[in-house]
Amino acid sequence: SLYFAPYLTEKLGQSKALISSLGVVNSLTMLLVLVLLLPRLQSGLFPLLVGLGFQLLSLAVLILIPPGNFWPLIIVIILYALGFGLFRPLVDALFADITEGKERAGLYGLNNTLTSILSALAGFYSGRLYQANPVS
């Protein structure tokens, strides 16, 4: 995510070249989850909660990483990608199961619109918070 880059470079002291390699780790982990793990799981609440748990765990570990350590970032990215790979496809499948036809299209549109608005607001407010307390 673009929001992690300033934190990783300024707070954790990582080089931009190393940060760019994290995208490869994320993509490979997602690919493995989607191809190998997800087809073996039954959809339901448990895999969703496990995926959400992995995402929350990854963010908790991220804020505990001491500056200058790169390898824990790999673990954070793997945990996050594993969680997202479990969570998002199952949410989409459940969403498709509970809606029909035009209603589904409208709800997907509403969901995407709200996600875009909330993402824009998150970027705006995270920038404001950073201005209020910049990394030294």
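Residue numbers (my numbering): 172 to 307. Beta carbons: idealized from backbone N, C-alpha and C, even for Gly.
Under a CB-based cut-off of 8 Å, is residue i close to chain D?
i: Gly184; result: You won't find chain D in this structure, because it holds only one protein chain.
May I have the straight-line CA-CA distance separating residue i from residue j, to the nearest angstrom?
i: Lys182; j: Leu250; result: 21 Å
i: Pro305; j: Phe225; result: 29 Å
i: Val247; j: Ser229; result: 5 Å
i: Tyr301; j: Leu220; result: 31 Å
i: Ala303; j: Trp242; result: 30 Å
i: Pro218; j: Gly272; result: 26 Å
i: Ala291; j: Arg211; result: 36 Å
i: Leu289; j: Ala231; result: 22 Å
i: Pro177; j: Pro237; result: 15 Å
i: Leu227; j: Glu274; result: 31 Å
i: Phe175; j: Ser287; result: 18 Å
Answer yes or no: do residue i and residue j have a C-beta to C-beta separation smaller than 8 Å?
i: Leu209; j: Gly256; result: yes
i: Leu244; j: Leu193; result: yes
i: Ile190; j: Thr200; result: no
i: Ser214; j: Ala264; result: yes
i: Thr127; j: Leu278; result: Because the chain in this structure spans residues 172 to 307, residue 127 falls outside the shown range and cannot be described.
i: Ala252; j: Asn197; result: yes
i: Gly294; j: Gly239; result: no
Mark residue i as exposed unless 16 or more other C-beta atoms lie within 10 angstroms of its C-beta, in which case mark it buried.
i: Gly222; result: buried
What do you reckon, is the C-beta of residue i under 7 Å from a heavy atom of the ligand COA?
i: Arg259; result: As for the ligand COA, it is missing from this structure, which has no ligand bound.
*Within the chosen definition, does the segment 255-264 reach the segment 192-207 through at least 3 CB pairs nearer than 8 Å?*
Yes: at least three Cβ pairs fall under 8 Å.
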